[in-house]
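Asks:
Structure representation (structure tokens):
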């Protein structure tokens, strides 16, 4: 009787099309690696793989050509090198994250702290189907949060201090959403159109636009692949210290409503955002 093979995907290993060989996937936090980590990665590729390293679209790392019989040894070597194995299969996958306000001129929020929380508290959690998270620091949505099972997009609500406004119109001209206008020399914001991108607060010469609510907009039910769709907006301006609790309620709701193998996008299509939102809010109250 043939021996039962390990659950390779739980540890980030994927059988290649070449029999007897595995892709070894590793993850990082917020797409960052140290120089030492990169050197250790190169050593792993040369010792256990075919000497190549592939960077995935979602900031992951793959080392191809690992022999199946070296699975346990290679997995231990990843940990010994201070690196983290990825996870695959029916569970929360590694998080894709933009640099946020650490370096990006448009970043509204520190995405790296949220990425760390998601990685430590949620990655690897078993769910009805594979579940992907994305974190973006602003409305540019470089990581495509609307196209993930759960997406987080940094947002800032602009507030007008009319006494400081000189009606120069700079913000009106530069607003990407055309959500601003001057009426009788007073600045008016259409918050239904506003992207909460923060552009206006940066360019106002008199600092008449200040940051109001700041946090994350949360999208659920997005999906790429053969049959793609954008997710629905579930909540706005959720502060970072509330996100783990909020996400836990989302995942509990997903487990309650999904059939085995069913993505969150299918649950959204079947049940609608209204039911999902009400169940999430029940769990939060």
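In UniProt numbering, the protein residues as written are 1 to 285. In this text, a Cβ means the ideal position worked out from N, Cα and C, and glycines have one as well.
With burial defined as no fewer than 16 other Cβ atoms inside 10 Å of the residue's Cβ, what is the status of residue 274: buried or exposed?
Replies: Walking along the chain shown from the start, residue 274 turns up at place 274. Counting Cβ neighbours within 10 Å, residue 274 comes out exposed, since fewer than 16 surround it.
Asks: Please report the distance separating the alpha-carbon of residue 94 from that of residue 173.
Replies: Within the chain shown, the letter at position 94 stands for residue 94. Within the chain shown, the letter at position 173 stands for residue 173. For residue 94 and residue 173, the distance between alpha carbons rounds to 39 Å.
Asks: Please list the terminal residues of the continuous beta strand (DSSP E) segment that includes residue 232.
Replies: Indexing the chain shown from 1 puts residue 232 at position 232. 232 to 238 is the span of the beta strand (DSSP E), which, as asked, contains residue 232.
Asks: Relative to the C-alpha of residue 49, which residue among 184, 144, 63, 89 is closest?
Replies: In the chain shown, residue 49 corresponds to position 49, counting from 1. Residue 63 is the option with its Cα nearest to residue 49.
Asks: Alpha carbon to alpha carbon, how far is residue 75 from residue 28? Give it in angstroms, no decimals.
Replies: Here residue 28 corresponds to residue number 28 of the chain shown, with the count starting at 1. Here residue 75 corresponds to residue number 75 of the chain shown, with the count starting at 1. If you take the alpha carbons of residue 28 and residue 75, they lie about 15 Å apart.
Asks: I'd like the span of the beta strand (DSSP E) that includes residue 136, first residue to last.
Replies: Indexing the chain shown from 1 puts residue 136 at position 136. It spans 133 to 136 - the beta strand (DSSP E) in which residue 136 sits, taken as one unbroken run.
Asks: What is the C-beta distance between residue 25 and residue 77, in whole angstroms, given that I count them as a contact (C-beta under 8 Å)?
Replies: In the chain shown, counting from the first residue as 1, residue 25 sits at position 25. In the chain shown, counting from the first residue as 1, residue 77 sits at position 77. Not quite, the Cβ-Cβ distance comes to about 14 Å (not below 8 Å), so this is no contact.
Asks: Please name the residue, chosen from 165, 147, 6, that lies closest to residue 265 on a Cα-to-Cα basis.
Replies: The residue labelled residue 265 in the question sits at position 265 within the chain shown. Per the Cα distances, 147.
Asks: With 16 as the cutoff for other CB atoms within 10 Å, does residue 166 come out buried or exposed?
Replies: If you number the chain shown from 1, residue 166 lands on position 166. Answer is exposed; the Cβ neighbour count stays below 16.
Asks: With distances taken Cα to Cα, identify the nearest neighbour of residue 262 among 107, 248, 223.
Replies: Residue 262 sits at position 262 when you count from the first residue of the chain shown. Comparing Cα-Cα distances from residue 262 to each of 107, 248, 223, the minimum goes to 223.
Asks: Can you check whether the CB of residue 31 is closer than 8 Å to the CB of residue 59?
Replies: Taking the first residue of the chain shown as 1, we reach residue 59 at position 59. Taking the first residue of the chain shown as 1, we reach residue 31 at position 31. Result yes, Cβ atoms of residue 59 and residue 31 sit closer than 8 Å.
Asks: With which residues is residue 85 paired in a DSSP beta bridge?
Replies: For the purposes of this step, residue 85 is taken as the residue at position 85 of the chain shown. DSSP output for residue 85 lists 26 as bridge partner(s).
Asks: I need the DSSP call for residue 276, collapsed to helix, strand or coil.
Replies: Sequence index remark: in the chain shown, residue 276 carries index 276 (1-based). It is helical.
Asks: Entirely within the region 151 to 227 and at least 4 residues each: give me those alpha helix (DSSP H) ranges in chain order.
Replies: For the region 151 to 227, whole alpha helix (DSSP H) runs of length 4 or above, ordered along the chain, are 170 to 174, 199 to 203.
Asks: Along the alpha helix (DSSP H) that carries residue 71, what are the first and last residues, could you check?
Replies: For the purposes of this step, residue 71 is taken as the residue at position 71 of the chain shown. Unbroken alpha helix (DSSP H) run through residue 71: 71 to 80.
Asks: Kindly provide the ranges of any alpha helix (DSSP H) runs that are 4 or more residues long and lie completely inside the region 82 to 122, ordered along the chain.
Replies: Whole alpha helix (DSSP H) segments, 4+ residues: 111 to 121.
Asks: What distance in whole Å lies between the Cβ atoms of residue 250 and residue 123, which are believed to be in contact at a cut-off of 8 Å?
Replies: As a working mapping, residue 123 is identified with position 123 in the chain shown. As a working mapping, residue 250 is identified with position 250 in the chain shown. About 15 Å separates the two Cβ atoms, so there is no contact after all.
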